[in-house]
Amino acid sequence: MLIVSVRGYRSAPRDAMVADATPPHIRGYAFGFHRALDNAGAVAGALTAAAILAWSDLSLSEVILWSAAPGFVAVALLGVGVKDEKSDPIQQTELSRTLSPLRWSALSAPMQRYLWVLMLFTFARASETFILLFGHELGIGVVELLLLWAALNLAKAITSTQGGQLADHFGRGVLILIGWSALAVSFLALGQVTTSSGLWMVSIFYGLLIGLSEGAERALISDYASPDERGTAFGWYHLVSGIFVCQPVSAAGNRIITAMGLAGAASL
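Per numbering that gives the first Met the number 0, the sequence shown starts with residue 0, numbered consecutively.
So this is what it looks like as structure tokens:
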């Protein structure tokens, strides 16, 4: 839960910055490209971890510990290389008085309706780490699971930018429908998988199609949210995504997995 909170804390302002810096007619492309870079980072991280585990004597715990080093470097570079422009203290005081309150009622009606839809969809889905748990249940080794994770994120990176461009051209809803439908089909297919090769095929299929909707999902937030509520809207978006996607590993989710197995839970 702490990881979800930290990721949401940094993701909401980052998404708001992308929306602020991008003209409305190419926001799908901008968010899709942003997601492609994010997924590419996950590919590099997973491949690096797999190589270290395969060709060194480090344990999995040690690799996880060392993975914090790039984060510290990034924070140091941010502190040294990025400087805020000094603003008028009077303007800062006025700004603090006009900040949007972090209240659900502060969001516009269209924004609230979209977030309700996202809540329902996110509650019905499982975290992508569910795929790794399934692979572990099938007896796949740690190195191969890392390669599978890299392939999944590579598939998303390949289609994210194109999906964002298509969202700008055909509309956000069409691409979101494709992505969400792909997720439903993929997890239904997971219920039928019994081999590692089958898991690889389903995971790559899932990644290619879900990547199409990643930019559109965020672009629609920026479309519905007015400029003065955009940061709040993205904050609620990541709050909803973070809380509801945790439900498969909740007590109820654990009981379902224990009773039915991961394959059965995926079908459900």
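Glycine residues also receive a C-beta, built at the ideal position from the N, C-alpha and C atoms.
Of the candidates L132, A232, D56, A232 places its Cα closest to the Cα of S104. With fewer than 16 other CB atoms across the displayed protein chains lying within 10 angstroms of its CB, T193 is exposed. Rounded to whole angstroms, H24 and L46 show a C-alpha spacing of 35 Å. In this structure, DSSP gives A224 a state outside helix and strand, which the three-state scheme calls coil.
In the three-state DSSP reduction, D56 falls in the coil class, being neither helix nor strand. Judged by beta-carbon spacing, L211 lies within the 8 Å limit of L174, meaning their Cβ atoms are closer than that value. Only buried fits W235, as 16 or more other CB atoms lie within 10 angstroms of its CB.
Annotation: L106 is outside any alpha helix (DSSP H) and is labelled neither H nor E by DSSP. Counting along the chain, G178 sits inside the alpha helix (DSSP H) bounded by residues 171-189. Straight across, the Cα-Cα distance linking A188 with V201 is about 7 Å.
Considering only D222, P69, M110, I157, the residue with the shortest C-alpha distance to I209 is I157. The beta carbon of M110 is closer than 6 Å to those of Y223, A224, A232 in its chain, skipping five residues each way along the sequence. D227 and D14 have their C-alpha atoms some 14 Å from each other. The closest CA to that of Y205, considering only L182, L146, R112, is found on L182. Comparing C-alpha distances from L147 to each of V79, V17, G44, A108 shows the shortest one belongs to G44.
Per DSSP, reduced to three states, the secondary structure at L198 is helical. Excluding five sequence positions before and after V142, the CB atoms of its chain that fall closer than 6 Å to its own CB belong to A49, L52, A53, given in chain order. Spatial neighbours of A154 in its own chain (CB-CB distance under 6 Å, excluding positions within 5 residues in sequence) are listed in chain order as I203, G206, L207. Residue environment for F133: buried (at least 16 other C-beta atoms within 10 angstroms of its C-beta). For G27, the CB contacts under 6 Å within the same chain, skipping 5 residues up- and downstream, are G163, A166, D167, G214, A215, A218 in chain order. Secondary structure note for I130: its alpha helix (DSSP H) is the uninterrupted segment 128-136. In this structure, the CA atom of G230 is about 17 Å from the CA atom of H33.
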